[in-house]
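2 protein chains.
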Amino acid sequence: MQINHNYNNLEQSYLFSTIAKKVNEYKQNNPDKNIIRLGIGDVTLPLAPAVISAMHKAVDDMADASTFKGYGEEQGYLFLRQAIANYYAKKGVELTTDEVFISDGAKSDVGNILDLFDKDNIVLIPDPVYPVYVDTNIMDGRQINYIKGTQENNFLPMPDDSIKADIIYLCSPNNPTGSVYTKAQLKTWVDYALKNDAVILFDSAYEIFVTDTTLPTSIYQIEGAKKCAIEFCSLSKTAGFTGTRCGYTIVPTDLVKDGNELRKMWLRRQSTKFNGVSYIVQRGAEAVFSDEGMAQIKEQIAYYLNNAKTIADGLRANNIWFVGGENSPYIWLKCPNNMSSWEYFDFLLNNANVVGTPGAGFGDAGEGYFRLSAFGDAENVKEAVKRIIRG
Amino acid sequence: MQINHNYNNLEQSYLFSTIAKKVNEYKQNNPDKNIIRLGIGDVTLPLAPAVISAMHKAVDDMADASTFKGYGEEQGYLFLRQAIANYYAKKGVELTTDEVFISDGAKSDVGNILDLFDKDNIVLIPDPVYPVYVDTNIMDGRQINYIKGTQENNFLPMPDDSIKADIIYLCSPNNPTGSVYTKAQLKTWVDYALKNDAVILFDSAYEIFVTDTTLPTSIYQIEGAKKCAIEFCSLSKTAGFTGTRCGYTIVPTDLVKDGNELRKMWLRRQSTKFNGVSYIVQRGAEAVFSDEGMAQIKEQIAYYLNNAKTIADGLRANNIWFVGGENSPYIWLKCPNNMSSWEYFDFLLNNANVVGTPGAGFGDAGEGYFRLSAFGDAENVKEAVKRIIRG
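Protein chains in written order, with our numbering: chain A, 1 to 391; chain B, 1001 to 1391.
Here it is, written out as structure tokens:
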């Protein structure tokens, strides 16, 4: 018996446990202080009424033999795949329902999709980065090349023709930086992928936050993308589903690599190692895409975007460099006075009683930067910004 | 870009699609015939009232910011892991809550657990078999040895000391055969695994159907098993959760292989590639293990077991050889008159208008056998048995 020794190459992430430890210590020593958390990447608003109503009805369906649902369709119920195809049609992207796969969340699919690819492929990952892209490839033993986000490229790294890549990760609007690729930039990436016979794994988990209509919300808005890209999205941030769990993955029929239709491979993978998402949750997800649900969701997104604007306005007025803060719930700022990420974390905790996330936790290129998130209460966000500026 | 070429070694399973095609053709040619389906492995009774009530309450929790749940605990909510640990305590198995992992179903975990093991391990799989064990290892490119279930061993194959194995699959009560290992037989398997430094992947998805208190319902009732076995279970058949989706996996702290604690590896795998099960579903699952829920569930299980008895009694009275039919929802019979599995399928469809599952669909050793399931309506089952006997 040999274990998968690649697991021994994983680094333990102490990011959020270290944050929790520091915050707890501070609270013990300063029990009277009111700490505001802008570090968390989780939503805080409850589910929309249309979603709640649909899930109550679905629970009732399960209570009666005549409406009870056992095993569902392998790719997810057609009612939900159709709703998602319709959502894409409004973005100008035509999908067939068999190109849409329902899952319990983008994190699962982003990890599991690697089952389809050989271990010898070379991976290209932007830094700073959502750590799951890195860890899942280390688990498989793949070689990883990094491209650096910097102040100069506005944390939107572009392809380098001298670097070979087979699997490319892109996330736009980006976690952790909040920066958003333009259509022209994504076109450069698509062209690079096609030239290199590479697959782009495109994470669009924050697409709903894009209000600038010139910016892309799906990679399939870019010509040629259906021949090189898989898109992952989730209702976690779209509709507050972080605890309800539903996502979807698009694998276009045109995506053929190494002589194999990846859509068929993914269908085989999912129908072998997955048994679908709860009927109740799929009915809730369907309601997100209804007119009523979408109107309610958009109000919530506007609330979070207003928080982001509050933070962005405060930073801008004080000449603190940042990206994000619009078309995204994240703000990525340069730590003032050349502080390191953790120095600034300590500084904010001690002087402003505000908790954020040190950029260094998202990769080497994050050192010296800091993430704030807009998922908090609006009054708390206003107060936090005052304190951050006061320093 | 190279795909995972192991996928090209997968055989397409035409079992259930061929069944559907044959049934549809028969119905078109014989529209007046009343076909009874005893082939399906899906439940038909609705969710228990205690589960429905708990899920309605959980949906309401999601509607209010003060009770809303975002990202949950990585291994699953403690309330559910504790309920499962308590359920095991009643079986005489002591577990800590950090040995219990909640998932969306046993199928996912049985597939994903292979991430932890090197490709060079040798796999031992009983034939006939739940096809997922085979396909997931073909996807990884592992060598598979089969041990045959036969009429002589009552479809309970035992280890062969001349065969080396690193990863061993056992399913008891068995799908598709319905046969159940005794404690003495499982002890032989545990001893063999310990001697070979192997891991047993024990699928206990049908444990709730065991009414004979001398039979094991968990491999951890066998001495030494915590040092060599991972147990997978699901609420799919226990509580009719095939469409609601919740399962659990036990990885004991004592399970150390190749110098690594598998529990920690699985925690790392799941926290990297999975984001937990819907809060609403976890509350429903918790209700299954309440006194009220368990009493309701046991009534449903008794209903299905009574169907199994109806089938078993009918076969026994007509000297048709079978295993299962008690302590299991499945009956595995020898096709009369030395018919092949598919010959008997056609015979039953045409002469009795009853649909079952050809044993050949579960592996070479299933040829000449046939699976009937007890998940149907009681009156239909009685009628089907009459027709099967009449032939």
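Yeah, the Cβ is synthetic: ideal placement off N, Cα and C, and Gly gets one too.
| query | result |
| --- | --- |
| Helix, strand or coil for D1127 of chain B per DSSP? | strand |
| In the structure shown, what three-state DSSP assignment does F209 of chain A receive? | helix |
| Anyone know if the C-beta pair for Q1002 of chain B and D135 of chain A falls short of 8 Å? | no |
| List the endpoints of the continuous beta strand (DSSP E) containing L333 of chain A. | 330-334 |
| Count the other C-beta atoms from every protein chain shown that fall within 10 angstroms of the C-beta of A384 of chain A, then say buried if there are 16 or more, exposed otherwise. | buried |
| Let's test the definition: count the other Cβ atoms within 10 Å of the Cβ of D203 of chain A and tell me whether it reaches 16, buried, or not, exposed. | buried |
| Which residues in chain B sit within 8 Å of R37 of chain A, going by Cβ to Cβ distance? | In chain order: nothing, as chain B lies at least about 13 Å away. |
| Below 7 Å CB to CB, which residues in the same chain sit around P1128 of chain B once its five sequence neighbours on both sides are set aside? | G1149, P1176, T1177, G1359, F1362, G1363, A1365, G1366 |
| Terminal residues of the continuous beta strand (DSSP E) containing F232 of chain A? | 229-234 |
| Expressed to the nearest angstrom, what Euclidean distance is found between the alpha-carbon atoms of S1373 of chain B and E1326 of chain B? | 12 Å |
| Provide the residue span of the beta strand (DSSP E) that contains R1371 of chain B, from first to last. | 1369-1373 |
| Using a C-beta cutoff of 8 Å, does E108 of chain A count as contacting chain B? | Before going further, note that residue 108 of chain A is Ser rather than Glu in the sequence given. It does: the Cβ of S108 of chain A has a partner Cβ on chain B nearer than 8 Å. |
| Is it buried or exposed for T1096 of chain B, if we count other Cβ within 10 angstroms and need 16 for buried? | exposed |
| Report the option in B:R1316, B:D1109, B:W1321, B:W1332 whose CA atom is closest to the CA atom of I1230 of chain B. | B:D1109 |
| So who's on the other strand from D1396 of chain B, going by DSSP bridges? | Residue 1396 of chain B cannot be examined here, being either before or after the span of chain B that is shown, 1001 to 1391. |
| Could you name the residues of the segment 1109-1120 of chain B whose beta carbon sits closer than 7 Å to any beta carbon of chain A, in the order they occur along the chain? | G1111, N1112, D1115, L1116, F1117, D1118, D1120 |
| Tell me, please, which residues DSSP counts as bridged to C171 of chain A. | A:D203 |
| Let me see if you follow: with CB-CB separation under 8 Å, is V381 of chain A close to chain B or not? | no |
| If you measure beta-carbon to beta-carbon, which residues of the segment 1262-1278 of chain B are closer than 8 Å to chain A? | L1262, M1265, R1268, R1269, T1272, K1273, F1274, N1275, G1276, V1277, S1278 |
| With a threshold of 8 Å between beta carbons, is Q1002 of chain B in contact with chain A? | yes |
| Give the single residue among B:A1058, B:L1201, B:L1080, B:Y1330 whose Cα lies nearest to the Cα of S53 of chain A. | B:A1058 |
| Can you give me the start and stop residues for the beta strand (DSSP E) that T1018 of chain B sits inside? | No beta strand (DSSP E) holds T1018 of chain B; the alpha helix (DSSP H) holding it covers 1015-1029. |
| Give the interface partners of F202 of chain A over in chain B, defined as CB-CB distance under 9 Å, in chain order. | What F202 of chain A touches in chain B: nothing, since even the nearest Cβ is about 16 Å away. |
| I need the DSSP call for T1217 of chain B, collapsed to helix, strand or coil. | coil |
| So, does the CB of V199 of chain A fall closer than 8 Å to a CB anywhere in chain B? | yes |
| Alpha carbon to alpha carbon, what distance is there between I297 of chain A and D140 of chain A? | 37 Å |
| Please work out which residues of its chain come closer than 8 Å, Cβ to Cβ, to L255 of chain A, disregarding the five sequence neighbours upstream and downstream, and give them in chain order. | V199, K226, K227, C228, A229, I230, E261, L262, R263 |
| Heavy atom of the ligand COA less than 7 Å from the Cβ of D377 of chain A, yes or no? | This structure simply doesn't include the ligand COA, nor any ligand for that matter. |
| From what residue to what residue does the beta strand (DSSP E) around Q143 of chain A run? | 143-148 |
| Does any CB atom of chain B fall closer than 8 Å to the CB of N260 of chain A? | yes |
| For a contact defined as C-beta to C-beta under 8 Å, what are the partners of A1065 of chain B on chain A? | T44, L45, P46 |
| Under a CB-based cut-off of 8 Å, is M1055 of chain B close to chain A? | yes |
| May I ask you to report which of helix, strand or coil DSSP gives E1326 of chain B? | coil |
| Answer yes or no: does any C-beta atom of chain B fall closer than 8 Å to that of D98 of chain A? | no |
| Would G111 of chain A and T1272 of chain B qualify as a contact pair, given that the criterion is a beta-carbon distance under 8 Å? | yes |
| Does DSSP put P1260 of chain B in a helix, a strand or coil? | The question names Pro, but residue 1260 of chain B is Asn in the sequence shown. It is a strand residue. |
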